[in-house]
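Asks:
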Amino acid sequence: LQPQNSKTDRIWRLIDILNWGETYFRDKNFDNPRTEIELLLQHLIGCKKIDLYLQFEKIVKPKELITLRSWVKRRINREPIQYITRSSEFYGRKFIVDQNVLIPRPETEILIDVSVEILSKKNSPTIIDIGTGSGCIGITLALEIPSSNIIAIDISDSALSI
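The sequence shown begins at 29 in my numbering and counts up by one.
The following block contains the structure:
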């Protein structure tokens, strides 16, 4: 996977990268090699998984290839995809994440479910999100319980800058 820089360079289509990436990640002993390259490509070109296959003939730009090559190197070193793409889903919403915050976990969505069930019955509940990190808990509760007052704090300035 090299960027174009001469007349002999290969033109990479989405399908070419999908096939190359699946083989590459399989050779590096990843459990779900096709999923690895699909997720990286989805974030790279800003599309859904289905679009990778509907637009499989789309040519990937040289600048995008450079970014993808960097992302693949990071992923081969087992860096989480969420940190590479700076994005994580939580409760159906996208949140910005990086190495300064924890990646939201699916199990934490249970906390939201229980909190919404209990706190929705209260009049303007005040909720304190200590160690807010990405803010996914506080923001989600604010959106799910519009009458709530949210206080989100973190000791890390780097986390708060997210």
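No residue lacks a Cβ here, since even glycine has one placed at the ideal position from N, Cα and C.
From the DSSP output, which residues share a beta bridge with I124?
Replies: Bridge partners of I124: none, in fact.
Asks: Determine the direct distance from the alpha carbon of I165 to that of I173, and round the result to whole angstroms.
Replies: 12 Å
Asks: Give the secondary structure of I131 by DSSP, where H, G and I count as helix, E and B as strand, and everything else as coil.
Replies: coil
Asks: Are there 16 or more other CB atoms within 10 angstroms of the CB of L93, so buried, or fewer, so exposed?
Replies: buried
Asks: Run the CB neighbour count on E66, radius 10 Å, all protein chains shown included, and call it buried at 16 or more, exposed below.
Replies: buried
Asks: Could you tell me whether the segment 82-92 touches the segment 38-58, where touching means 3 or more Cβ pairs closer than 8 Å?
Replies: yes
Asks: Excluding the five sequence neighbours on either side, which residues of its own chain have a C-beta within less than 7 Å of the C-beta of D126, listed in chain order?
Replies: Y111, R114 and I190
Asks: In the DSSP assignment, what are the bridge partners of T63?
Replies: None; T63 has no bridge partner.
Asks: Is it buried or exposed for I45, if we count other Cβ within 10 angstroms and need 16 for buried?
Replies: buried
Asks: Measure from the alpha carbon of G163 to the alpha carbon of each residue in P153, K150, V129 and E135, then state which is nearest.
Replies: V129
Asks: Starting from the N-terminal side, write out each stretch of the alpha helix (DSSP H) that is 4 residues or longer and does not extend beyond the segment 137-181.
Replies: Counting only runs of at least 4 residues, the segment 137-181 fully encloses the following alpha helix (DSSP H) elements, listed from N- to C-terminal order: 164-172.
Asks: DSSP on E107, reduced to helix/strand/coil?
Replies: coil
Asks: Give me the Cβ distance between I181 and I158, rounded to the nearest whole Å; I'm assuming they're in contact under 8 Å.
Replies: 6 Å
Asks: So, using beta-carbon positions, are L29 and L96 closer together than 8 Å?
Replies: Contact: yes.
Asks: Could you check which residue in I167, S176 and S175 has the C-alpha nearest to that of L188?
Replies: I167
Asks: Got a sec, what are the start and stop residues for the alpha helix (DSSP H) F53 sits in?
Replies: L42 to D55
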